[in-house]
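So the mapping is simple: my numbering equals the position in the sequence shown, first residue as 1, plus 40. Here a beta-carbon is modelled for each residue, glycine too, at the ideal position from N, C-alpha and C. The model shown is predicted, which means the values in this text are computed figures rather than measured ones. First comes the structure, then the notes that go with it.
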Amino acid sequence: MTCRKRLPMMPAVFADPGGTCDRRSLWVHAVGTLRQVLRTGWQRWPPVTPRRLALLVLASACLATAPASAQFKPDRKPDRTDPDRTRQQPIAPPRVKPSTEQPVLVQANEVTYDRATDVVTASGNVEMSQNDRILMADRVVYDRARDIMTAQGNVRIVEPTGEVIYAEQMQVTGDLKEGAARDIRTRLANDARIAANSGIFTEGKRTEARRAVYSPCDPCKDDPMRAPLWQVKAARVIHDKEKKDIYFYDATLEFFGIPVAWTPYFSHPDPSVKRRSGLLAPVFESSKSLGYGVTLPYYAILDDTADLTLSPRFLTKRGLHMSAELRKRYDSGDLQVQGSLVRDWFNDRDGADVRGHFFGNARFNLGEDWRGGLQVQRATDKTYLRFYDIDSSSFLTSKAWVETFNRRSYGSIFAYGFQEMRSTAAQRNAPYVLPVASYNYVGEQTSFGGHFIADTGIRYLFRDDGADSSRLTTRVGYDFSHITRDGHVFNVLATVRADWYEVSRVTDPENPANRYSGSVFRVFPQISADWRYPLMRRAGTRSYITFEPIVGFVAAPSMGRQWKIPNEDSIDTVFDETNLFSPNRSTGDDRLEGGQRVNYGFKLGLRDAGGGSSWLFMGQSYRLQRDRSFPHASGLRSGLSDPIAALSINPGRYWDIFARVRLDKDSLTRVRQVDALVNAGPRDFRVFASYIKLRDNLEATSSLGNRSEGRLGFIARPHPNWIVTVWGSRDLERGATREIQTKLEYEDECFLIGLRLSRRYFTDKEIKPDNRIAFRLVLKPTTDTTY
Numbered sequence: 041m042t043c044r045k046r047l048p049m050m051p052a053v054f055a056d057p058g059g060t061c062d063r064r065s066l067w068v069h070a071v072g073t074l075r076q077v078l079r080t081g082w083q084r085w086p087p088v089t090p091r092r093l094a095l096l097v098l099a100s101a102c103l104a105t106a107p108a109s110a111q112f113k114p115d116r117k118p119d120r121t122d123p124d125r126t127r128q129q130p131i132a133p134p135r136v137k138p139s140t141e142q143p144v145l146v147q148a149n150e151v152t153y154d155r156a157t158d159v160v161t162a163s164g165n166v167e168m169s170q171n172d173r174i175l176m177a178d179r180v181v182y183d184r185a186r187d188i189m190t191a192q193g194n195v196r197i198v199e200p201t202g203e204v205i206y207a208e209q210m211q212v213t214g215d216l217k218e219g220a221a222r223d224i225r226t227r228l229a230n231d232a233r234i235a236a237n238s239g240i241f242t243e244g245k246r247t248e249a250r251r252a253v254y255s256p257c258d259p260c261k262d263d264p265m266r267a268p269l270w271q272v273k274a275a276r277v278i279h280d281k282e283k284k285d286i287y288f289y290d291a292t293l294e295f296f297g298i299p300v301a302w303t304p305y306f307s308h309p310d311p312s313v314k315r316r317s318g319l320l321a322p323v324f325e326s327s328k329s330l331g332y333g334v335t336l337p338y339y340a341i342l343d344d345t346a347d348l349t350l351s352p353r354f355l356t357k358r359g360l361h362m363s364a365e366l367r368k369r370y371d372s373g374d375l376q377v378q379g380s381l382v383r384d385w386f387n388d389r390d391g392a393d394v395r396g397h398f399f400g401n402a403r404f405n406l407g408e409d410w411r412g413g414l415q416v417q418r419a420t421d422k423t424y425l426r427f428y429d430i431d432s433s434s435f436l437t438s439k440a441w442v443e444t445f446n447r448r449s450y451g452s453i454f455a456y457g458f459q460e461m462r463s464t465a466a467q468r469n470a471p472y473v474l475p476v477a478s479y480n481y482v483g484e485q486t487s488f489g490g491h492f493i494a495d496t497g498i499r500y501l502f503r504d505d506g507a508d509s510s511r512l513t514t515r516v517g518y519d520f521s522h523i524t525r526d527g528h529v530f531n532v533l534a535t536v537r538a539d540w541y542e543v544s545r546v547t548d549p550e551n552p553a554n555r556y557s558g559s560v561f562r563v564f565p566q567i568s569a570d571w572r573y574p575l576m577r578r579a580g581t582r583s584y585i586t587f588e589p590i591v592g593f594v595a596a597p598s599m600g601r602q603w604k605i606p607n608e609d610s611i612d613t614v615f616d617e618t619n620l621f622s623p624n625r626s627t628g629d630d631r632l633e634g635g636q637r638v639n640y641g642f643k644l645g646l647r648d649a650g651g652g653s654s655w656l657f658m659g660q661s662y663r664l665q666r667d668r669s670f671p672h673a674s675g676l677r678s679g680l681s682d683p684i685a686a687l688s689i690n691p692g693r694y695w696d697i698f699a700r701v702r703l704d705k706d707s708l709t710r711v712r713q714v715d716a717l718v719n720a721g722p723r724d725f726r727v728f729a730s731y732i733k734l735r736d737n738l739e740a741t742s743s744l745g746n747r748s749e750g751r752l753g754f755i756a757r758p759h760p761n762w763i764v765t766v767w768g769s770r771d772l773e774r775g776a777t778r779e780i781q782t783k784l785e786y787e788d789e790c791f792l793i794g795l796r797l798s799r800r801y802f803t804d805k806e807i808k809p810d811n812r813i814a815f816r817l818v819l820k821p822t823t824d825t826t827y
């Protein structure tokens, strides 16, 4: 039988879904079709349609489940004088054992059957499939008696996992489960490759290759025969798909074809493994203070929702530095714990030899509207984290919290503890806050278009040495907004606030001899209103300009110095475009901004259809009364405030510039505060810079004076696989460089190498100016590490 027309793959729906077939009707139909072919001649029979082929295959599948003695059995030997009888006959049902698996589906340009030898031959774009396993070849010869298929020419077997096996000639069983070949090549699911002189595979569970080469690297496009960046040559490679491991025996590691290491045996997980216990890539380092070192992290899976990373760090000048990280995922939250420990035998500092740190963080959903968490951060001393390059924070924060939120309300309870990391600050002055609780409510919109608001809160704060205080706060008010038909925007907020404090050991910052302990009660009514009038006009066909004048007024009683209330949450004074029109420009609640003042400014913007935007804001405030609660350097004490301005330029993805400035009201040429940030350039070469300047420190008790610092760096990608990062920081007020760092990385589909060079110039107790080098090398797909 010869089919000249390419037949489509038989849909799986033609397989018997119930496991049973009407064998008699199918047999009658198949035999009738065969007799008509023999009687009229195949050339006169209509072309084979997908439906006829499907019925024949389905009949074969059903008949295959019958006893072997009832399978295809000719009535008599073919008459060799009859040309129609000597013609090769249509393919018959294969002799296979009864099975519940799907039949092998065949697609080819030409299929022939030799009844004398019981051999079926399929030629031309042959494709055979069973149970999601697919065989493709130029020609397949099936010996039905031996149940062996020989595939020839561009042979490929696609496994359900995505793995592909290549060969020029391959022998497989009739069910495609077992096979063998010479000059075999395998592409794994992650595009890694195994090439071998010979190989066998068994039931899709195990592939064994002899005299094999393994590499996840892509071959060179210009010279595919050239050795890849790295590869492993082994006498035997076994891919166990049930255990999901690849085993290498008598293996040699080569870089660019040059042997660099040998081992009698090693293994690693196959690409289907997402998590597996084992060693991670090492990190090598060198510094003057720590000496030479190597970190050998080990990753351990505790269960499906938890893992542990142990990172022993061997340092020639400090001994063994041990760190660990535990991660755990729960149905309603997660837990992460980090810690380290070292016995500093060679330390040249005062204090205990055993040093370490502990960081813990937990977060849980306690219900539909409730959630809570816990954060713990502690270290044995102030310089440990920076000395061992773990963390550079100025202080560590530990807290526990619970919060609830509803459609129009929010409530929370927090507890805080702090550990000072600054060498100039004393730990005995660090506060403990236990608790600080608040509840905020916004009412439904009233008939006037506004909302009633209500806030309440409590805070208790104490410390080992210094002022202690407790506070109870309640605020109620009405918030109203309205937009007229002409586009004028009005906002009005009226509130009354009451605070009760119980304080002890409070010192007057302007007269330290003046101290107070006792109760303080204050009532603070306030009303604020502002007007805005946003305008817009087109500028060309793709851009438009916006202009928005803003005027606001705030009225409240003058509060004076308020020194009997310890200033715990309003120490930092911020005055910029973000809070010029705020009713209270203090950063917290301990200091309230009283008196009457007028705020005014404008915002000018430019936008285009391509997504670019730029804007300029300028503003100032005028106070009718003096407010001594603000530091002298804040520019907010009396009369005209310091003028402020902010500028943002973002014409597209290649430019992003932001700057804010505050000028001295008495001399506009004198800059009191500058904060600028620039990111410019394409992705392949991106420059970033920042600049901060404080003419006078805003804390009344500070002696730091003027401060100025700048940072400059770039990220370059000279090649798709290379990335270079360079940055440095400098104290511009003192003319001293603080730190410089360079990072160089190469990464492709099979290899990652990273080098980091850093130099620090500052001194803080045991932390001295030092150079540090860190290096890592990762042979993918092994797990990556940070450094």
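From the DSSP output, in three-state form, read off residue i for me.
i: residue 467; result: helix
i: residue 674; result: helix
i: residue 427; result: helix
i: residue 543; result: strand
i: residue 189; result: strand
i: residue 605; result: coil
i: residue 171; result: coil
i: residue 632; result: coil
i: residue 589; result: strand
i: residue 451; result: strand
i: residue 384; result: coil
i: residue 143; result: coil
i: residue 412; result: strand
i: residue 663; result: strand
i: residue 109; result: Residue confidence for residue 109 is low, a pLDDT of 33 falling below 50, so the modelled location carries little weight; the figure read from the coordinates is stated next. In the structure shown, residue 109 sits in a helix (DSSP, three-state: H, G or I).
i: residue 278; result: strand
Within 10 angstroms of the Cβ of residue i, are there 16 or more other Cβ atoms? Answer buried if so, exposed if not.
i: residue 610; result: buried
i: residue 468; result: exposed
i: residue 511; result: buried
i: residue 575; result: exposed
i: residue 568; result: buried
i: residue 169; result: buried
i: residue 417; result: buried
i: residue 708; result: exposed
i: residue 813; result: exposed
i: residue 694; result: exposed
i: residue 146; result: buried
i: residue 461; result: buried
i: residue 566; result: buried
i: residue 306; result: exposed
Could you pull out every residue in the same chain whose Cβ sits closer than 6 Å to the Cβ of residue i, ignoring the five residues on either side in sequence?
i: residue 180; result: 162, 166, 189 and 191
i: residue 253; result: 235, 271 and 273
i: residue 183; result: 159
i: residue 542; result: 510 and 559
i: residue 794; result: 785 and 816
i: residue 220; result: 211 and 240
Under 8 Å Cβ to Cβ from residue i, same chain only, skipping five residues before and after it: list those, please.
i: residue 91; result: Confidence at residue 91 is low in this model, with a pLDDT of 41, below 50, so its placement is unreliable and the value that follows should be read with caution. Taken in chain order, the list of residues that qualify is empty.
i: residue 480; result: 449, 450, 451, 493, 494 and 495
i: residue 735; result: 673, 704, 710, 711, 712, 713 and 746
Can you give me the Cβ contacts of residue i inside the same chain, cut-off strictly under 7 Å, excluding the 5 residues immediately before and after it?
i: residue 317; result: 339, 340 and 341
i: residue 313; result: 284
i: residue 31; result: Residue 31 falls outside the range modelled here, since the chain spans only 41 to 827, and no answer is possible.
Are the region 548 to 565 and the region 577 to 593 in contact at 8 Å, needing three or more beta carbon pairs? no
Closer than 8 Å is the cut-off here; do at least three beta carbon pairs connect the region 323 to 333 with the region 353 to 373?
yes
| request: Please specify which runs of the beta strand (DSSP E), each continuous and at least 3 residues long, are wholly inside the region 749 to 777, giving them in chain order. | output: 762 to 771
* **Ordered list of beta strand (DSSP E) runs contained in the region 471 to 523, each at least 3 residues** => 472 to 482, 490 to 502 and 508 to 523
Review point. With contact counted as at least three CB pairs below 8 Å, one residue from each stretch, are the region 472 to 479 and the region 438 to 455 in contact?
Key: yes
**Message:** At 3 residues or longer, what runs of the beta strand (DSSP E) sit wholly inside the region 691 to 745?
**Reply:** 695 to 704, 707 to 720 and 725 to 734
ask   = Should the region 680 to 695 be regarded as contacting the region 647 to 662, the criterion being three or more beta carbon pairs within less than 8 Å?
value = yes
Check your understanding: Which runs of the beta strand (DSSP E) fall wholly inside the region 246 to 278 and span at least 3 residues, in chain order?
Key -> 246 to 255
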